[in-house]
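J.: What follows is a single structure, and I will ask about it in a moment.
Residue numbers (our numbering), protein chains in the order written: chain A, 29 to 356; chain B, 39 to 377.
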């Protein structure tokens, strides 16, 4: 099936925005902490898990979403939130711990919650998967054609919550799509040392649902597979599992020495970086002109710079606001 | 003169009636859990609901507590008001992440934007030799963790009103029913487990303690089945000339600290009774509250009776040794009065 040009370009625009956002966050994060790394120091303290390299998984899915669809994501959530259209300024402000943030500074980068669009994420591996099942259950009960998407990593596929979620979703025929971002490493442990089978997509068969492996870190490949899975879920055809082999270009968190991955592996990742390969393809196929590309990059960068400026200039919450929002 | 015949229900039937009435009134309320359908809940909390509301609203789940409690969270965020049943509170170990890290924290993390209106019902308590993985109360642990209300009814009237309040609350509420207060036909008969319950829906506010019995010499503060034990003890003590006030906390979160302080200021003596483990729990919290708010009123150091920091043992004499009962409360009060 043809992919509309608008979608091809929108995916690229989202990728540019994501990569630049991650680069800016990384720069600010490290800038305040080096040369003597202090995780508590600087404008962005705490752990920081960045998603450079994993953009295709997020942007390939989003063109198929509609208003009211729900997403749960992981401790590495920025690319998914940006691709879905979560307010970039409020998201940046939350990462800076500011009062204007999505959660008024209570959540931080691993706990971003948005109502429109509906997005949530968590610092616990596989924690969001049953929640996506529940969102899908609500949609079914309410007779809406909304779907829920659960993003998770290859490490999460060994958690009980993964298996419980797939079983419930299939048992109740729910409109949920499980999307495994397989970057081959659960922090330092390679998939072959943690997972009894080669492809997590094969685990779908244990629950009687379709499972598809996307072996390329390519937005177009993700787009096509996600289109079918999301359409099936929307039409009442039930859940499915997608596994995308992707790349985490940087460490598990910023400050990770990343000594567990070989130089060859890292060089190969850099070589196949989708930020190089995808625009090259768009240009060579005439989907995008160099002028259009330049304009698109300019706009994406401006949006990110604006969001970060908003975050930087926003006030911190009052210290005593820590006591608010335990209960509604 | 007319005689009003009050309708009486067991606590279990009062709970099931409360859920049914809220399901009737609000399409978004539904029930999910293990054996909540045909069986009606192992402890009868969902008795009759399947026949009345059908399998879409009374959902038997697999033995998959992480899955279905997490799903209740997702449904609650999306406009539903789920009631999820964790069959025994002892089973929390397989699903606590969803409860304390997710259900209880999403509202806070979201800065108040996302609401999680759900009820987690669960059976707790011992005294019938079900051994150490089916007899604990554990409410102190849930109450320790911020972001969830913790409700523990002791009688049919409160059970119905607290359940309706819990369902209508916009927060996660852990509704813990002690098996000994339910009035189940297969448990040791308990006359205090049956009582008058109005037919129409009503609420009992969460966070308001009740004075279950007025007294002037000593305050016994407790919750759940040990409210019954304390009331039994108070009768014995009355015959001995000691006037005992029994305070039923009804919920640990919110904790009605004013009621604790008011009672201690009135009686000047405090005994806290808890079927949970002794250390780092409810007894310590209630005594601290009394010391903070009524230190100058105390005529004796506050005392406590709780499970002495051992797992609940199986054999009857062992179990009865560790659980609070009326005799221990009588002895505890007498020691306080002598002090």
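Glycine included, every Cβ here is placed at the ideal spot set by N, Cα and C.
All values reported here derive from a predicted model rather than from experimental measurement.
1) At the level of alpha carbons, what is the spacing between residue 368 (chain B) and residue 197 (chain B)?
2) Exposed or buried, which one is residue 177 (chain B) when buried takes at least 16 other CB atoms within 10 Å?
3) Considering just the uninterrupted stretch of the beta strand (DSSP E) at residue 71 (chain B), what are its terminal residues?
4) Given residue 306 (chain B), which residues of its chain have a CB within under 7 angstroms of its CB, disregarding the five upstream and five downstream residues?
5) Classify residue 65 (chain A) as buried or exposed, calling it buried when 16 or more other Cβ atoms lie within 10 Å of its own Cβ.
6) If you draw a straight line from the alpha carbon of residue 205 (chain B) to that of residue 319 (chain A), how long is it in whole angstroms?
7) Whose C-beta lies closer than 6 angstroms to the C-beta of residue 109 (chain B) among residues of the same chain, with five residues either side of it excluded?
8) What are the uninterrupted segments assigned as alpha helix (DSSP H) that are 4 or more residues long and contained completely in the region 185 to 231 of chain B, given in chain order?
9) If I'm right that residue 328 (chain A) touches residue 44 (chain A) with Cβ under 8 angstroms, what's the distance once you round it to whole angstroms?
10) Quick test of your reading: residue 199 (chain B) and residue 240 (chain B), contact by CB under 8 angstroms. State the CB separation rounded to the nearest angstrom.
11) With DSSP as the reference, identify every bridge partner of residue 256 (chain B), one or two as the case may be.
12) Select from A:30, A:132, A:148 the residue whose C-alpha is nearest the C-alpha of residue 104 (chain A).
13) From the DSSP output, in three-state form, read off residue 146 (chain A) for me.
14) Quick check on residue 101 (chain B): does DSSP put it in helix, strand or coil?
15) So residue 284 (chain B) and residue 297 (chain B) are supposed to be a Cβ contact under 8 angstroms. How far apart are they, rounded?
16) May I ask which residues mark the beginning and end of the alpha helix (DSSP H) holding residue 152 (chain A)?
17) Can you find a CB in chain A that lies within less than 8 angstroms of the CB of residue 144 (chain B)?
18) What whole-angstrom Cβ distance do residue 47 (chain B) and residue 235 (chain B) have, given they're in contact under 8 angstroms?
19) Closer than 7 angstroms to a non-hydrogen atom of the ligand COA - does that hold for the CB of residue 161 (chain B)?
20) Just curious, the beta strand (DSSP E) that residue 158 (chain B) is in, first and last residue?
21) Return helix, strand or coil for residue 48 (chain B), following the three-state DSSP convention.
22) Residue 104 (chain B) touches chain A at which residues, Cβ-Cβ below 8 angstroms?
23) Report yes if the CB atom of residue 212 (chain B) is closer than 8 angstroms to the CB atom of residue 162 (chain B), and no otherwise.
24) Quick one, which of B:228, B:308, B:180, B:344 has its alpha-carbon nearest residue 329 (chain B)'s?
25) Throw me the rounded Cβ distance for the residue 91 (chain B) and residue 99 (chain B) pair, which I believe falls under 8 angstroms.
26) Within the continuous alpha helix (DSSP H) that includes residue 231 (chain A), where are the two ends?
27) Relative to the alpha-carbon of residue 167 (chain A), which residue among B:267, B:124, B:114 has its alpha-carbon at the smallest distance?
28) Return no unless some Cβ of chain A is closer than 8 angstroms to the Cβ of residue 369 (chain B).
29) Would you kindly report the start and end of the unbroken beta strand (DSSP E) that includes residue 377 (chain A)?
30) Give me the subset of the region 161 to 193 of chain B whose CB atoms are less than 8 angstroms from a CB atom of chain A, sorted by chain position.
31) Can you tell me the Cα-Cα spacing of residue 135 (chain A) and residue 149 (chain B), whole angstroms?
32) Does the Cβ-Cβ distance between residue 158 (chain A) and residue 59 (chain B) come in under 8 angstroms?
33) Taking 8 angstroms as the threshold (C-beta atoms), are residue 325 (chain B) and residue 164 (chain B) in contact?
34) In the DSSP output, which residue or residues are listed as bridge partners for residue 218 (chain A)?
35) So residue 354 (chain A) contacts chain B; which residues on that side make the cut at Cβ distance below 8 angstroms?
36) Sort B:45, B:44, B:52 by Cα distance to residue 242 (chain B) and report the nearest one.
T.: Result, derived from the coordinates:
1) 27 angstroms
2) Per the 10 Å Cβ criterion, buried.
3) 67 to 71
4) A distance below 7 angstroms between beta-carbons, with the five flanking residues on each side excluded, links residue 306 (chain B) to the following residues of its chain, in chain order: 335, 336, 337.
5) So residue 65 (chain A) ends up on the exposed side.
6) 58 angstroms
7) Within the same chain, residue 109 (chain B) has no close Cβ partners at all.
8) 194 to 206
9) 4 angstroms
10) 5 angstroms
11) B:282
12) Of the listed residues, the one whose Cα sits closest to residue 104 (chain A) is A:148.
13) strand
14) coil
15) That belief does not hold up - the Cβ atoms of residue 284 (chain B) and residue 297 (chain B) are roughly 12 angstroms apart, past 8 angstroms.
16) It is not in any alpha helix (DSSP H) - residue 152 (chain A) carries neither H nor E in the DSSP assignment.
17) yes
18) Yes, residue 47 (chain B) and residue 235 (chain B) are in contact; Cβ-Cβ is about 4 angstroms, under 8 angstroms.
19) This structure lacks the ligand COA; in fact it carries no ligand of any kind.
20) Where residue 158 (chain B) is concerned, the enclosing beta strand (DSSP E) starts and stops at 157 to 162.
21) strand
22) What residue 104 (chain B) touches in chain A: 158, 188, 189, 192.
23) no
24) Ranking B:228, B:308, B:180, B:344 by CA distance to the CA of residue 329 (chain B) puts B:308 first.
25) Between residue 99 (chain B) and residue 91 (chain B) the Cβ distance is about 16 angstroms, and since that is not below 8 angstroms, they are no contact.
26) Neither: residue 231 (chain A) is in no alpha helix (DSSP H) and is coded neither H nor E.
27) B:114
28) no
29) Since the first residue shown for chain A is 29 and the last is 356, residue 377 (chain A) is missing from the structure and cannot be characterised.
30) 184, 185, 187
31) If you take the alpha carbons of residue 135 (chain A) and residue 149 (chain B), they lie about 8 angstroms apart.
32) no
33) no
34) A:213
35) 145, 146, 184, 185
36) B:52
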